[in-house]
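Structure first, commentary second.
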């Protein structure tokens, strides 16, 4: 930990001082302010809309953080060779990956925490203004949804580290991470469609079935973490769902980082 | 102190994977307390050799050790300070934070880092800019911050890749003074340059590398006593290497 701490801290400082983070936070805050205006205009299902917009604002800004600040933090190390200042210390490549990732986790947790405070505040203000639309509402579910968003961002960041460990440019890492994000959010639905097609007597090509099955097991199922709908409609979740989703996120992130560390171990940095 | 045995390194260039030989069967030893100048034209393999010593790239053949430890062992770097060519650091860190990182990552206590930071920032004339983010620094200031970073943990062996690059005459004098001070402190300095006067001023021994091959290693005083100057020796080796390549 004594080796990881300095890497973690400089990664966090480098990230939190990046101007892009202020732009992302500004976008999120504008969305949360817009939440008031939208809820004031629609005058139906206000509670659900307020929760949905607030959670989406945190989720979208978190995604921008991972894609445009997080990826850059590692990619710039490789592109500009700032990695030399780290690896010229008694630090191994796997330690560099883990330390860097912990710094990124700290950055994600800090940023989403502040955005979550504003999200909660916006829901609270709207709830005060229109209390009769919040008869079925649960704060614990909103907080759980915010925690799941944070965990899904950590997982996505771990994947971006895995991609950065073997790609030669930050652009390829960005594209691969975006593909993983899109597949991660849609693979569950596509897999269900393929399964259901058997009952409807539709036979998709075996190649397609195998491809989707492979993607289903290979890519993270990010839809597990998306409980915006449950939070907006106050639909309770079972403790086992919460437990397995948390475990899934932590295990998948750990495996991705372990893979990144393994690949990076033999990477040359000319 | 530094021992390089039979190091060869090829690089693959382009999609067709054309091989380019960067280093060929390089043998070299640098003794404790010695200032060794690694001289060669651009693309000769100086930086490649230094990156192998820092385990940033791996040799295809051969081995290298510093203070008796294999360079692949991360603990070896606890006693080594490295300044890369044209260093680039984190934009949003200050010089103080940069040195904090360097010191702490090398195992120094917070108190020791603070003391050493004050000393070194004074030495490289960056004390007044210590709280400024590195992105606001000029090229010479970044180079000086890099020098301080390389020395923050008081290493026994110092590897400088083109330390004078981007420095004005005052900066060059400062680096020169630093090298002299390191030598006086019994440190081993291995530095590369293609500026002959720098080599002449500070080195005990010189190695000339051309096209990945170490053409000669000799004491500087011996070289200067037997020829007109280092420039003559260097040019003779360049011409000879060119002739051999054509043949």
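Residue numbers (this note's numbering), protein chains in the order written: chain G, 4 to 273; chain Y, 28 to 274. A virtual CB, placed ideally from N, CA and C, is assigned to each residue, including glycine. Because the structure is a prediction, the values reported are computed rather than measured.
Helix, strand or coil at residue i according to DSSP, with G and I counted as helix
{"i": "residue 195 (chain Y)", "result": "coil"}
{"i": "residue 169 (chain G)", "result": "coil"}
{"i": "residue 92 (chain Y)", "result": "strand"}
{"i": "residue 202 (chain Y)", "result": "helix"}
{"i": "residue 48 (chain G)", "result": "coil"}
{"i": "residue 57 (chain Y)", "result": "strand"}
{"i": "residue 30 (chain Y)", "result": "strand"}
{"i": "residue 153 (chain G)", "result": "helix"}
{"i": "residue 121 (chain Y)", "result": "strand"}
{"i": "residue 104 (chain Y)", "result": "helix"}
{"i": "residue 22 (chain G)", "result": "helix"}
{"i": "residue 171 (chain Y)", "result": "helix"}
{"i": "residue 276 (chain Y)", "result": "Any property of residue 276 (chain Y) remains undetermined from this structure, which presents chain Y solely from 28 to 274."}
Residue-level contact to chain G via CB, residue i, 7 Å cutoff
{"i": "residue 131 (chain Y)", "result": "yes"}
{"i": "residue 68 (chain Y)", "result": "no"}
{"i": "residue 284 (chain Y)", "result": "The requested residue 284 (chain Y) is not part of the displayed model; chain Y covers only 28 to 274."}
{"i": "residue 119 (chain Y)", "result": "yes"}
{"i": "residue 81 (chain Y)", "result": "yes"}
{"i": "residue 109 (chain Y)", "result": "yes"}
{"i": "residue 105 (chain Y)", "result": "yes"}
{"i": "residue 183 (chain Y)", "result": "no"}
{"i": "residue 189 (chain Y)", "result": "no"}
{"i": "residue 115 (chain Y)", "result": "yes"}
{"i": "residue 143 (chain Y)", "result": "no"}
Beta-bridge partners of residue i, as assigned by DSSP
{"i": "residue 245 (chain Y)", "result": "Y:233"}
{"i": "residue 64 (chain Y)", "result": "Y:218, Y:233"}
{"i": "residue 109 (chain Y)", "result": "Y:186"}
{"i": "residue 138 (chain G)", "result": "The partner list for residue 138 (chain G) (beta bridge, DSSP) is empty, contrary to what the question assumes."}
{"i": "residue 37 (chain Y)", "result": "Y:48"}
{"i": "residue 97 (chain Y)", "result": "Y:92"}
{"i": "residue 160 (chain Y)", "result": "Y:121"}
Sequence-distant residues of the same chain with beta carbon closer than 8 Å to residue i, five excluded per side
{"i": "residue 153 (chain Y)", "result": "122, 168, 171, 172, 175"}
{"i": "residue 128 (chain G)", "result": "39"}
{"i": "residue 237 (chain Y)", "result": "67, 68, 71, 264, 265, 268"}
{"i": "residue 45 (chain Y)", "result": "39"}
Beta carbon proximity, residue i to chain Y, threshold 7 Å
{"i": "residue 83 (chain G)", "result": "yes"}
{"i": "residue 56 (chain G)", "result": "no"}
{"i": "residue 88 (chain G)", "result": "yes"}
{"i": "residue 9 (chain G)", "result": "yes"}
{"i": "residue 143 (chain G)", "result": "no"}
{"i": "residue 94 (chain G)", "result": "yes"}
{"i": "residue 20 (chain G)", "result": "yes"}
{"i": "residue 171 (chain G)", "result": "no"}
{"i": "residue 68 (chain G)", "result": "no"}
{"i": "residue 272 (chain G)", "result": "yes"}
{"i": "residue 28 (chain G)", "result": "no"}
{"i": "residue 175 (chain G)", "result": "no"}
{"i": "residue 13 (chain G)", "result": "yes"}
Beta-carbon spacing of residue i, residue j below 7 Å
{"i": "residue 141 (chain G)", "j": "residue 61 (chain G)", "result": "no"}
{"i": "residue 190 (chain Y)", "j": "residue 218 (chain Y)", "result": "yes"}
{"i": "residue 21 (chain G)", "j": "residue 72 (chain G)", "result": "yes"}
{"i": "residue 168 (chain G)", "j": "residue 266 (chain G)", "result": "yes"}
{"i": "residue 183 (chain G)", "j": "residue 121 (chain G)", "result": "no"}
{"i": "residue 87 (chain Y)", "j": "residue 36 (chain Y)", "result": "yes"}
{"i": "residue 17 (chain G)", "j": "residue 109 (chain Y)", "result": "no"}
{"i": "residue 143 (chain Y)", "j": "residue 93 (chain G)", "result": "no"}
Own chain, CB closer than 7 Å to residue i, minus 5 neighbours either side, in chain order
{"i": "residue 98 (chain G)", "result": "6, 7"}
{"i": "residue 62 (chain Y)", "result": "206, 210, 216, 229, 230, 231"}
{"i": "residue 54 (chain G)", "result": "126, 145, 234, 235"}
{"i": "residue 101 (chain G)", "result": "7, 260, 264"}
{"i": "residue 78 (chain G)", "result": "167, 173, 176"}
{"i": "residue 202 (chain Y)", "result": "174, 190, 191, 194"}
The ligand SAM heavy atom lying under 6 Å from the CB of residue i
{"i": "residue 86 (chain Y)", "result": "The ligand SAM is absent from the structure shown, which contains no ligand whatsoever."}
Beta-carbon contacts of residue i that lie in its chain and below 6 Å, excluding the five residues immediately before and after
{"i": "residue 108 (chain G)", "result": "157"}
{"i": "residue 179 (chain G)", "result": "166"}
{"i": "residue 65 (chain Y)", "result": "73, 219, 234"}
{"i": "residue 50 (chain G)", "result": "136, 137, 140"}
{"i": "residue 24 (chain G)", "result": "72"}
{"i": "residue 160 (chain G)", "result": "69, 73, 107"}
{"i": "residue 258 (chain Y)", "result": "223"}
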